[in-house]
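Heads up: the structure comes next, in structure tokens.
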Ligand SMILES: [Zn+2]
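In this note's numbering, the protein residues as written are 1 to 309.
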């Protein structure tokens with residue numbers, strides 16, 4: 001995707017529920033709270049915006065609240081921010097220390113995820129997030145400085161919000177694809193998970209369980225990718241947030257396109273993307289499909305009821 005501030009013109013209807021003739025609000029592809037620069041102009045109705053705002057805030061405040069203040073991340077309410085935090089000494093809980101946020105290198109928490117359930121051939125009722133691992137990403141030298149100065153071990157507090165985190169990734173993947181495609185160009189498999197109409201977003205959101213090297217000067221990296229057979233194209237989003245730190249890369253099954261003509265039209269609009277061709281196979285498990293891409297499915301063809309709308 002392009003770098004810098006980008007505005008995609010409005011479609012005149014809500015990208016989530018399709019409603020027309022209602023007031024629409026701008027939608028950041030990546031939330032402003034994470035430094036998002038790409039905006040879908042007048043894209044969401046108020047009731048859908050209430051839904052997406054809820055899980056965005058869950059992540060921004062619950063998972064990354066302290067880290068965002070420490071790193072001075074953007075906020076609509078920056079002037080209301082607290083200046084200090086009271087920390088408890090992990091070795092001596094009755095000992096509390098008041099620390100300025102500017103000197104508190106709070107860890108950034110992420111989930112390490114396995115592949116999305118759909119790509120593993122799992123039923124959509126199986127919650128893959130029970131196997132996700134919480135990782136704390138922090139700067140060792142800053143942690144050492146902190147511990148020397150304040151005399152307590154560096155600790156971080158956060159709320160465990162796996163479902164909100166996965167829905168946020170699904171939203172980012174969907175909005176990123178809408179920078180190039182119309183909502184009618186593909187079947188939005190991710191949509192019911194974003195809106196909460198279906199439970200268990202770990203069915204369509206996953207990762208490779210690895211932490212990637214930092215990409216300096218890049219706040220986030222979004223990529224459209226996919227895999228296909230002769231007449232079905234699965235559209236995937238690759239997402240990395242806080243990519244200038246040691247952070248994981250995620251994938252989202254955004255949607256699919258059926259039929260050769262429609263596939264060609266979509267690929268034409270998206271531009272050159274990396275699409276792996278998948279040959280339908282008689283066996284459920286096809287080890288020869290394994291590649292380095294973390295989103296490569298272990299089964300093919302995928303069941304066709306997925307995403308039927
Ligand atoms: Zn709506």
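Every residue gets a Cβ at the ideal spot worked out from N, C-alpha and C, and that includes glycine.
Coarse secondary structure for residue i, derived from DSSP in three states
i, result
"residue 53", "helix"
"residue 207", "strand"
"residue 239", "strand"
"residue 269", "helix"
"residue 224", "strand"
"residue 100", "strand"
"residue 167", "helix"
"residue 94", "strand"
"residue 174", "helix"
"residue 201", "helix"
"residue 122", "coil"
"residue 193", "helix"
"residue 284", "Note that residue 284 scores 33 on pLDDT, short of 50, meaning its location in the model is unreliable; the coordinates nonetheless yield the value given after this. Correct three-state label for residue 284: coil."
"residue 157", "coil"
"residue 214", "coil"
"residue 162", "helix"
"residue 149", "helix"
"residue 117", "helix"
"residue 180", "coil"
"residue 105", "coil"
"residue 128", "helix"
Check: residue i C-beta below 7 Å from any heavy atom of ligand 1
i, result
"residue 53", "no"
"residue 16", "yes"
"residue 45", "yes"
"residue 48", "yes"
"residue 19", "yes"
Beta-ladder partner(s) of residue i, from DSSP
i, result
"residue 133", "112"
"residue 232", "258"
"residue 6", "38"
"residue 315", "Outside the shown range of the chain, which is 1 to 309, sits residue 315, and nothing can be said about it."
"residue 138", "Note: residue 138 sits in no beta bridge, so no partner."
"residue 250", "207 and 239"
Minimum Cβ-Cβ distance from residue i to chain D less than 8 Å
i, result
"residue 163", "Reference to chain D is not applicable here, since this structure consists of a single protein chain."
Can you check the segment 19 to 91 for any beta strand (DSSP E) of at least 3 residues that lies completely inside it and give the ranges in chain order?
24 to 28, 38 to 45 and 84 to 89
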